[in-house]
Amino acid sequence: MGFTSFIKSKQFIFSLIGAVVIIGLLIFGSLQFLNIYTRHGKEITVPDLTKMKVEKAMNAVADNGFEIIIIDTIDYNPKFPPLTISEQDPKANDLVKQGRKIYVKINAKGYSSIRLPNLDGRTLRHSTAILESLGLVKGQIKYEPDFAKDVVLRIEQDGRILRAGDKVLKNSKIDLILGDGMLGYTPEPDSLGEMYEDTAPEIDSIF
1 MGFTSFIKSK QFIFSLIGAV VIIGLLIFGS LQFLNIYTRH GKEITVPDLT
51 KMKVEKAMNA VADNGFEIII IDTIDYNPKF PPLTISEQDP KANDLVKQGR
101 KIYVKINAKG YSSIRLPNLD GRTLRHSTAI LESLGLVKGQ IKYEPDFAKD
151 VVLRIEQDGR ILRAGDKVLK NSKIDLILGD GMLGYTPEPD SLGEMYEDTA
201 PEIDSIF
């Protein structure tokens, strides 16, 4: 068989097609390897996920291979919508490698309930410290006649008397009713005034 006849033969054509396919596969494989190699170790900017629902956040990071891990639900913060991400680690705009896990904390649905302690008989300063430690807010300060000055007689909320054990929402304002220290106190008359009262009749009789 001559060279011309061999070139025109089916065997040569199939061999040529096979060689082209193999070369094409080699080129494609090389390009894929280079793409993976050049992206390996590449740092990516972490997006800001705060104020997002978890489902939306997962969609936002899916292309970069990030994995979102919920680690806690924290006390309600009015700066963030309920049931959205309020904290994340790594933080927004940090540079990390592709596929990094992002740990998030979820804002609670609303304020939690606080059981009130017994503040009767405590000083204003001590009561204020207790309220703040529980996440409550000192409201109005009102005074009533009592011998104990600046000591809690009772606590109220919007005019309603509260007692130890009652539940209120965190961040609520609690009004304190205090003693004014004036009950049973009779001011001593001015000595000069007493002298005037005693001598006034005598002075009037002279005139």
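Just so we're aligned: the sequence shown equals residues 1 to 207 in the UniProt record's numbering. All C-beta atoms, glycine included, are put in the ideal place defined by N, C-alpha and C. Every value quoted in this text rests on a predicted model; they were computed, and no experiment measured them.
So, with DSSP's three-state summary, where would you put residue i?
i           : result
Q98         : coil
residue 209 : Residue numbering for the chain in the displayed model covers 1 to 207; residue 209 lies beyond these limits and cannot be assessed.
T50         : coil
G29         : helix
N118        : coil
L169        : strand
S86         : strand
S112        : coil
D63         : helix
K56         : helix
G18         : helix
Taking only the alpha-carbon atoms, compute the straight-line gap between residue i and residue j and give it to the nearest angstrom.
i    : j    : result
I13  : Q32  : 29 Å
V96  : A62  : 15 Å
L83  : L136 : 22 Å
D89  : T50  : 11 Å
E67  : M58  : 7 Å
S86  : T128 : 28 Å
T73  : V54  : 12 Å
I206 : M182 : Any reading at I206 needs caution, since the residue's pLDDT is 46, under 50, leaving its predicted position unreliable; the model's value is listed next. So the two alpha carbons sit approximately 41 Å from each other.
Q157 : S113 : 15 Å
G121 : L169 : 23 Å
N64  : D48  : 14 Å
L192 : D180 : Low confidence applies here, because L192 scores a pLDDT of 49, under 50, leaving its location unreliable and the question unanswered by this model.
P117 : L178 : 16 Å
L176 : T45  : 51 Å
L153 : F80  : 37 Å
K56  : I69  : 14 Å
L16  : S30  : 21 Å
A148 : S133 : 25 Å
M52  : V20  : 51 Å
G24  : Q11  : 20 Å
A60  : I22  : 39 Å
From this set, the options, which residue's C-alpha is nearest residue i's C-alpha?
i    : options                : result
K173 : K91, K79, G165, L131   : L131
K138 : N77, D150, L124        : L124
K91  : I102, P81, L116        : I102
N171 : V104, P78, H126        : P78
D150 : A19, R115, L16, H126   : H126
D75  : Q98, Q11, K105, D146   : K105
R115 : G159, L26, L25, G165   : G165
N93  : E43, I22, Q11          : E43
R163 : L134, L119, A148, D146 : L119
Stretch pair the stretch 137 to 156 + the stretch 97 to 109: three plus CB contacts closer than 8 Å: no
Just list the beta strand (DSSP E) runs in the stretch 120 to 164, keeping only unbroken ones of 3 residues or longer that don't cross its boundaries, in chain order. 137 to 144, 152 to 157, 160 to 162
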